[in-house]
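Report on one structure; see the data block that follows.
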Amino acid sequence: MKLDVNRPDLTVGVIGTGAMGRGIVQVTAAGGMNVLMTDARPGAAAEARDFIAKMLERAAEKGSMSKEEAAAATARITIVDSHKDMKPCHVVIEAIVENLEAKRALFGELETIVTPDCIMVSNTSSMSVTTIGAKLKTPQRFAGFHFFNPVPLMKLVEVISGLLTEEWVCDALMALGKRMTREPVRLTDAPGFLVNQVGRGFTLEASHLVYEGVSTFADVDRVMRDVGGFRMGPFELMELTGLDVTQPASALIYNQFFQEPRYRPNLIMQERYEAGVLGRKSKKGFYDYDADMKAIVAAEKPAPAARPESVWVSSVEVQGSAKLKELLGKLDASIETGAKPSAQALILVTPIGEDATTAATSQNLDPKRTVAVDTLFPMVKRRTIMTTPITDPAYRDAAHGLLASDGVPVTVCRDSPGFIAQRIVAMIVNIGCSIAQSRTSVPADIDKAVTLGLNYPNGPFKFADVLGVQNIHRILENMNRIYADPRYRPNIWLTRRAKLGVSLLTPEL
Ligand code: NAI
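Residue numbering for the sequence shown follows the working numbering, beginning at 11 and increasing consecutively.
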């Protein structure tokens, strides 16, 4: 390593002191390093310093550091007038406007100012590190250092090597990230890097299924919280981030991957983006908001009182039917034991990646009496059922009433290969696999980055372990077959491991 980032006099430059820059300055100073910071807008750096001083004081009040440490950290921050004053820096971090020409101009100037061993990094959220560095005379000491907002609370930092970045640079950035009390994860340059790429699985697949008329924004959010275990549903998340950020980022990742169908956005997001219906920041998005900015969400309709006279459960899916029969037993349902359903029976199927129509027709079941139940996820906090386009509403209500009879809410969706949660989680796993396949990062690091950066209950690979690698593979295979859309083709890296019956976290020999 050419640079010892643990040297006591390490000096870090931060250019751009907006939302991200000031957070980066705070964790750098709190990590014991000297910081030189500057901003093009007069007065901006001083505002940032006052803000950071307050944040550090607050951290001291909360007991995460002493008053003396907070004061010392603030004292380590120096405002400088221009990029020229960055000469003494060992590392310079750029957090200016997200514009390629502006960033290239800045680094082109900077490399003539700093010493040859000084590391130059960009906090870009969406641009290729290789592209930003391509015009530099010294691209080998240039890398990506991608923090998350708000920096002091979000521990993850992605350390991104561009095509020409030398290894010692990322070694140094990994150590620097730790000194800043971050959790650095190393990867090679890729559109959306790591976390923002995986995040497309969650938000885009959710939009696709609403676009298809499978469900509503509120129901998808409920299912992903209660069934998938996510802290926030995909639409709630997009409301918070704002479609002015999410939609251009999605379109960019899709195009940077040469229109790879896995990342294909859709009109649900684009139209809202163009109409300025952005989410909380425009007071209208997928949800409307009341005067206190609380989302107005229509209450769920109470479950019907109906119950079926008898239920017949398809045993084609061995695990799913066993799980469902166990639950139905607890609900005191009258379960038929014949090889075929009686003429009146409610017919329940438990498909993996198939829609109710395909399950009913391929098993020669009466589609008017068929209802599908998602048994892949725990059926504890909420249950998801779906109908064929011709399921008799009386049978749908009977299934709903029965499955909600112990007080657990039930979401009814229209026909969809993979219901709601199966297909969204399968897409997250599939994207995780393509990141591993392209050697952008390794599975354990991908899981770590996703849980830290996106707060998902599991990273893609742990999700596959919990739900079954073969189940995830089957969801995608069935979706791919039924939709005939390459968007859903299983990644071959996943297919191989599903065939071999091994965990996706198995290290490759
Ligand atoms: P911001 O708009 O809050 O701050 C940017 C600051 O840079 C402003 O204070 C502006 O005056 C200053 N600036 C602009 N051009 C400059 C130049 N040529 N020289 C010096 N200062 C200049 O933006 P924010 O959100 O802090 O983003 C900064 C960078 O971080 C962008 O590249 C963005 O994509 C990236 N990023 C943003 C995240 C976010 O959630 N806001 C997350 C991760 C990365």
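Glycine is no exception: its CB is placed at the ideal position from the N, C-alpha and C atoms.
Just so you know, these numbers come straight off a predicted model, no measurement behind them.
How is the beta strand (DSSP E) around His483 delimited, first residue to last?
For the purposes of this step, residue 483 is taken as residue 473 along the sequence shown, with counting starting at 1. Segment 479 to 493 is the alpha helix (DSSP H) holding His483; no beta strand (DSSP E) there.
What whole-angstrom Cβ distance do Gly33 and Val161 have, given they're in contact under 8 Å?
The sequence position of residue 33 within the sequence shown is 23, counting from 1. The sequence position of residue 161 within the sequence shown is 151, counting from 1. That pair is a contact at about 3 Å.
One or two residues paired with Asp298 in a DSSP bridge
Stepping through the sequence shown from its first residue, residue 298 is reached at position 288. Paired residues: Lys294, Ile306.
By DSSP's criteria, Arg393 is part of a beta bridge. Which residues make up the other side?
As a working mapping, residue 393 is identified with position 383 in the sequence shown. Paired residue(s): Val420.
Can you tell me whether DSSP reads Val287 as helix, strand or coil?
For the purposes of this step, residue 287 is identified with residue 277 of the sequence shown, where counting begins at 1. Correct three-state label for Val287: coil.
Would the beta-carbon of Arg272 fall within 9 Å of that of Met47?
What you label residue 272 is simply residue 262 of the sequence shown in a count that begins at 1. What you label residue 47 is simply residue 37 of the sequence shown in a count that begins at 1. No, Cβ-Cβ distance for Arg272 and Met47 is not below 9 Å.
Just reading off the alpha helix (DSSP H) that Ile170 is part of, what are its end residues?
As a position in the sequence shown, residue 170 is number 160, starting the count at 1. Run containing Ile170: none in the alpha helix (DSSP H); it sits in the beta strand (DSSP E), 166 to 171.
Nearest CA to the CA of Lys340: which residue from Asn206, Val418, Leu375, Phe203?
Position 330 of the sequence shown, counted from the first residue, corresponds to residue 340. The option with the nearest alpha carbon to Lys340 is Val418.
The segment 276 to 289 / the segment 212 to 229 touching (three or more Cβ pairs under 8 Å)
yes
DSSP three-state label for Val208, please.
Your numbering for residue 208 matches position 198 in the sequence shown. Of the three classes helix, strand and coil, the one that applies to Val208 here is helix, per DSSP.
Extent of the continuous beta strand (DSSP E) to which Thr46 belongs:
Here residue 46 refers to the residue found at position 36 of the sequence shown. Inspection of the sequence shows that residue 46 is occupied by Leu rather than by Thr. Where Leu46 is concerned, the enclosing beta strand (DSSP E) starts and stops at 44 to 48.
Comparing the CB of Val255 with every heavy atom of the ligand NAI, is any distance shorter than 8 Å?
Reading the sequence shown from its first residue, position 245 is the one you call residue 255. Yes - the ligand NAI has a heavy atom lying nearer than 8 Å to the Cβ of Val255.
Hey, would you say Arg433 sits closer than 9 Å to Thr397, going by beta carbons?
In the sequence shown, residue 433 corresponds to position 423, counting from 1. In the sequence shown, residue 397 corresponds to position 387, counting from 1. Contact flag unset, no.
Nearest-angstrom Cα separation, counted from Lys165 out to Thr380:
What you label residue 380 is simply residue 370 of the sequence shown in a count that begins at 1. What you label residue 165 is simply residue 155 of the sequence shown in a count that begins at 1. Whole-angstrom Cα-Cα distance: 47 Å.
Indicate, with yes or no, if the ligand NAI has a heavy atom lying under 8 Å from the CB of Arg17.
Walking along the sequence shown from the start, residue 17 turns up at place 7. Arg17 Cβ: outside cutoff for every heavy atom of the ligand NAI.
Where are the beta strand (DSSP E) runs, 3 residues long or more, that stay fully inside the segment 62 to 116, in chain order?
87 to 89, 101 to 104
Beta-bridge partners of Ser132, as assigned by DSSP
Position 122 of the sequence shown, counting from 1, holds the residue named residue 132. Ser132 is bridged to Glu104, Gly154.
Starting from the C-beta of Leu253, find all residues in its chain whose C-beta is less than 8 Å away, skip the five residues before and the five after it, and write them out in chain order.
For the purposes of this step, residue 253 is identified with residue 243 of the sequence shown, where counting begins at 1. Contacts found: Met279, Arg282, Tyr283, Val287, Leu288, Gly289, Gly295.
Per DSSP, what kind of secondary structure is Thr385 in: helix, strand or coil?
Against the sequence shown, residue 385 aligns to sequence position 375. In this structure, Thr385 counts as coil in the three-state DSSP scheme.
Should Asn159 be listed as close to the ligand NAI, given that the test is whether its C-beta is under 8 Å from any heavy atom?
For this step, residue 159 is matched to residue 149 along the sequence shown. Yes, the beta carbon of Asn159 sits closer than 8 Å to at least one heavy atom of the ligand NAI.
Where DSSP assigns a beta bridge to Glu119, which residues make up the other side?
Translated into the one-based positions of the sequence shown, residue 119 becomes position 109. DSSP output for Glu119 lists no bridge partner at all.
Quick one: what does DSSP say Glu327 is sitting in, helix, strand or coil?
For the purposes of this step, residue 327 is taken as the residue at position 317 of the sequence shown. Coil at Glu327, not helix or strand.
Below-9 Å beta-carbon distance, Leu514 vs any chain D residue:
Annotation note: the requested chain D is absent from the structure, which comprises a single protein chain.
DSSP three-state assignment for Arg235, whether helix, strand or coil
Locating residue 235 in the sequence shown gives position 225, counting from the first residue. Under the three-state reduction of DSSP, Arg235 is assigned to helix.
What does a CB cutoff of less than 6 Å around Ile320 pick up in its chain, not counting 5 residues either side in sequence?
As a first step, residue 320 is located in the sequence shown; it is residue number 310 there, counting from the start. Checking the displayed sequence, the identity of residue 320 turns out to be Ser instead of Ile. So the qualifying residues of the chain are Ser344, Glu346, Ala355.
Distance between Phe240 and His410 (C-alpha atoms, nearest Å)
By 1-based counting over the sequence shown, the position of residue 410 is 400. By 1-based counting over the sequence shown, the position of residue 240 is 230. If you take the alpha carbons of His410 and Phe240, they lie about 24 Å apart.
Put Ile400 into one of helix, strand or coil per three-state DSSP.
Position 390 of the sequence shown, counted from the first residue, corresponds to residue 400. In this structure, Ile400 counts as coil in the three-state DSSP scheme.
Do Ser136 and the ligand NAI come close, with the Cβ less than 8 Å from some heavy atom?
The residue given as residue 136 occupies position 126 in the sequence shown. Under cutoff, so the answer is yes.
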